[in-house]
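Numbering (the working numbering), first residue to last: 279 to 690. Cβ atoms here follow ideal geometry from the backbone N, Cα and C, with glycine treated the same way. Written below as structure tokens is the structure these notes are about.
Right, dumping it as structure tokens:
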């Protein structure tokens, strides 16, 4: 005899003093005692169903909890990834800022040059450049590709100078060049700040500006009476603007176009200050003395390309390329085109060879170029009227239902 398991809801709980509940319970116990085994089995079956229902509810709840745990784990993983990425970026940013700060502190300790010191250093640099020019000539005479391969002894002989004295002049010239450059590095930083947020990092701007400063030290002529800083400013600006034009964009723009873009930005900013509002294209074009079409072309060229791998959404689990429709043919289109070509060849195969060739030439079915009746007539050495007759006859044949029924499926 199976043991019955009875479950009670809140309404089945017996409370003291509840006569109705006590009477109902006594009646049920009496039925169980005096009834046969079928009723007991029936009650047990009901209780088993109740337990089964409870188990089903528990299983569903467990499954829901598992799904919730999985979603929570996915979200936690994504949050951890984002946090790690931000932490890495923050760490790199702090490292970059610290390195720039140290660099600025180092160049800030270097004393600025007096006018007489600039002249003296410029003379030594000019002497160094003369020596290096002699070395290049010697390298050409010796058939060497790299002037660095010329030995100091051969170089000293070339300039007609004892080796110790030559090395002394070489050392003084190189030291003068280094001192001239190092004493004006603050000028590079000052100019580089004006070109920030234009596609190159501040470190790259300083690096490119320093190359321009080195070039200025080599080209500076102290006899013209200008200060070196005045002369070097032009070379530093040129080096920075050229670097921005060459390196800041995925698609390189010509330098003159980049300079025009810069002038448009300056003009737009100036007009905004004058008018108290954003200027229109016509107003900018009028001030720049160019057509609106050219202004729009330059503005379109100035737009930066966007990577198809750019993350989209908070989770960053989608890419921009996932939402852009492809312009290419789909596999279905390609299959349909191949089937059309095969069916067209089969239909044309029911014509005579001349009729088939005339239609292919007339409608460019082979090379995509449609030929005139005159051109086809010259190919077959007949008159254009005869070609027209052959074409008309071939088209009448193709209009027959037995032939065109297959091709009609492609134009529905």
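* Note down the Cα distance separating residue 619 from residue 606, rounded to an integer number of angstroms. => Taking the chain shown and counting its residues from 1, the one referred to as residue 619 is at position 341. Taking the chain shown and counting its residues from 1, the one referred to as residue 606 is at position 328. Rounded to the nearest angstrom, the two C-alpha atoms are 19 Å apart.
* **Secondary structure of residue 392, DSSP reduced to three states** => Here residue 392 is taken as the residue at index 114 of the chain shown, counted from 1. Residue 392: coil per DSSP, three-state reduction.
* Whether residue 391 touches residue 479 by CB criterion (8 Å) -> Taking the first residue of the chain shown as 1, we reach residue 391 at position 113. Taking the first residue of the chain shown as 1, we reach residue 479 at position 201. No, they are not a contact pair.
* Hey, would you say residue 454 sits closer than 8 Å to residue 403, going by beta carbons? -> Walking along the chain shown from the start, residue 454 turns up at place 176. Walking along the chain shown from the start, residue 403 turns up at place 125. Yes.
* Bridge partners - residue 532, DSSP secondary structure assignment -> Position 254 of the chain shown, counting from 1, holds the residue named residue 532. DSSP output for residue 532 lists no bridge partner at all.
* Asked: Is it the case that the Cβ atoms of residue 636 and residue 665 are separated by a distance below 8 Å?
  -> Translated into the one-based positions of the chain shown, residue 636 becomes position 358. Translated into the one-based positions of the chain shown, residue 665 becomes position 387. Taking 8 Å as the Cβ cut-off, residue 636 and residue 665 qualify as a contacting pair.
* residue 487 lies in the alpha helix (DSSP H); which residues open and close that run? -> For this step, residue 487 is matched to residue 209 along the chain shown. Looking at the DSSP string, the run of the alpha helix (DSSP H) that includes residue 487 is 480 to 497.
* To do: Report yes or no: do the segment 512 to 521 and the segment 487 to 499 share at least 3 C-beta pairs separated by less than 8 Å?
  => yes
* Looking at C-beta atoms only, is the number of pairs between the segment 378 to 395 and the segment 418 to 427 that lie closer than 8 Å three or more? -> no
* Asked: Between the beta-carbon of residue 400 and the beta-carbon of residue 498, is there less than 8 Å?
  -> Position 122 of the chain shown, counted from the first residue, corresponds to residue 400. Position 220 of the chain shown, counted from the first residue, corresponds to residue 498. In this structure, residue 498 lies closer than 8 Å to residue 400 by Cβ.
* Give me the Cα-Cα distance between residue 422 and residue 564, rounded to the nearest whole angstrom. => Position 144 of the chain shown, counted from the first residue, corresponds to residue 422. Position 286 of the chain shown, counted from the first residue, corresponds to residue 564. Looking at the two C-alpha atoms, the distance is approximately 57 Å.
* **Cα-Cα separation, residue 625 to residue 672** => In the chain shown, counting from the first residue as 1, residue 625 sits at position 347. In the chain shown, counting from the first residue as 1, residue 672 sits at position 394. When rounded, the distance between both Cα atoms is 11 Å.
* Minimum C-alpha distance to residue 582 - residue among 527, 474, 546 -> Stepping through the chain shown from its first residue, residue 582 is reached at position 304. Selected option, being the one with the closest Cα: 527.
* Assign residue 596 to one of three DSSP states: helix, strand, or coil. => Counting from 1 along the chain shown, the entry for residue 596 is found at position 318. DSSP places residue 596 in strand when its eight states are reduced to three.
* Should residue 473 go down as buried or exposed, given a rule of 16 or more other Cβ atoms within 10 Å for buried? -> Locating residue 473 in the chain shown gives position 195, counting from the first residue. Burial call: buried.
* Just reading off the alpha helix (DSSP H) that residue 645 is part of, what are its end residues? -> Start at 1 with the first residue of the chain shown, and residue 645 comes out as number 367. Residue 645 -> no alpha helix (DSSP H), and no H or E assigned at all.
* Less than 8 Å separating the beta-carbons of residue 668 and residue 632? -> The sequence position of residue 668 within the chain shown is 390, counting from 1. The sequence position of residue 632 within the chain shown is 354, counting from 1. Yes, Cβ-Cβ distance for residue 668 and residue 632 is below 8 Å.
* **Short Cβ contact (8 Å threshold) for residue 643 with residue 675** => Here residue 643 refers to the residue found at position 365 of the chain shown. Here residue 675 refers to the residue found at position 397 of the chain shown. No, Cβ-Cβ distance for residue 643 and residue 675 is not below 8 Å.
* Name the residue from 531, 413, 437 whose alpha carbon lies nearest to the alpha carbon of residue 577. => Working through the chain shown from its first residue, we reach residue 577 at position 299. For residue 577, the nearest C-alpha among the options comes from 531.
* Meets three-Cβ-pair contact criterion under 8 Å: the segment 456 to 470 and the segment 499 to 511 -> yes
* Assuming residue 416 contacts residue 432 (C-beta within less than 8 Å), just tell me the rounded distance between them. => Translated into positions along the chain shown, residue 416 becomes position 138. Translated into positions along the chain shown, residue 432 becomes position 154. Between residue 432 and residue 416 the Cβ distance is about 6 Å, and since that is below 8 Å, they are a contact.
* Proximity below 8 Å, CB of residue 598 to CB of residue 588 -> Reading the chain shown from its first residue, position 320 is the one you call residue 598. Reading the chain shown from its first residue, position 310 is the one you call residue 588. Going by C-beta atoms, residue 598 is nearer than 8 Å to residue 588.
* May I ask you to report which of helix, strand or coil DSSP gives residue 590? => Here residue 590 corresponds to residue number 312 of the chain shown, with the count starting at 1. The answer is strand: DSSP assigns residue 590 an E or B state.
* To do: Kindly examine the ligand SAM and report whether one of its heavy atoms sits closer than 7 Å to the Cβ of residue 488.
  => The ligand SAM is not among the ligands present in this structure, which contains no ligands whatsoever.
* **Of the residues 523, 622, 549, 613, the one placed nearest residue 539, counting alpha carbons only** => The count along the chain shown starts at 1 and reaches residue 539 at position 261. It is 523.
* **DSSP three-state assignment for residue 429, whether helix, strand or coil** => Residue mapping note: residue 429 aligns to position 151 of the chain shown, counting from 1. In the structure shown, residue 429 sits in coil (DSSP, three-state: anything other than H, G, I, E or B).
* Out of curiosity, what's the CA-to-CA distance linking residue 552 and residue 387? -> Walking along the chain shown from the start, residue 552 turns up at place 274. Walking along the chain shown from the start, residue 387 turns up at place 109. Approximately 42 Å, taken between the alpha carbons.
* DSSP state of residue 605, grouped into three classes? -> Here residue 605 corresponds to residue number 327 of the chain shown, with the count starting at 1. Coil, per DSSP.
* Out of curiosity, what's the CA-to-CA distance linking residue 494 and residue 459? -> As a first step, residue 494 is located in the chain shown; it is residue number 216 there, counting from the start. As a first step, residue 459 is located in the chain shown; it is residue number 181 there, counting from the start. So the two alpha carbons sit approximately 9 Å from each other.
* Is there at least one Cβ from chain D nearer than 8 Å to residue 563's Cβ? -> Within the model displayed, chain D is absent; a lone protein chain is all it includes.
* Asked: Which residues bound the alpha helix (DSSP H) around residue 508?
  -> Within the chain shown, the letter at position 230 stands for residue 508. Here the alpha helix (DSSP H) through residue 508 covers 506 to 525.
* Exposed or buried, residue 483, counting other C-beta atoms within 10 Å across all chains shown (16 or more means buried)? -> Against the chain shown, residue 483 aligns to sequence position 205. Under this definition residue 483 is a buried residue.
* To do: Count the other CB atoms, across all protein chains shown, that sit within 10 Å of the CB of residue 310; report buried if there are 16 or more and exposed otherwise.
  => As a position in the chain shown, residue 310 is number 32, starting the count at 1. Because the pLDDT of residue 310 is 42, which lies under 50, any placement of that residue in the model is unreliable, and the number read from its coordinates should be weighed accordingly. By the neighbour-count rule (16 or more Cβ atoms within 10 Å), residue 310 is not buried but exposed.
* Nearest neighbour of residue 542, chosen from 529, 382, 569, 525 [CA to CA] -> Taking the chain shown and counting its residues from 1, the one referred to as residue 542 is at position 264. Checking every option, the nearest Cα to that of residue 542 belongs to 569.
* Return helix, strand or coil for residue 474, following the three-state DSSP convention. => The sequence position of residue 474 within the chain shown is 196, counting from 1. Three-state result, residue 474: coil.
* To do: Tell me where the alpha helix (DSSP H) around residue 456 begins and ends.
  => Taking the chain shown and counting its residues from 1, one reaches residue 456 at position 178. Residue 456 -> alpha helix (DSSP H) spans 441 to 460.
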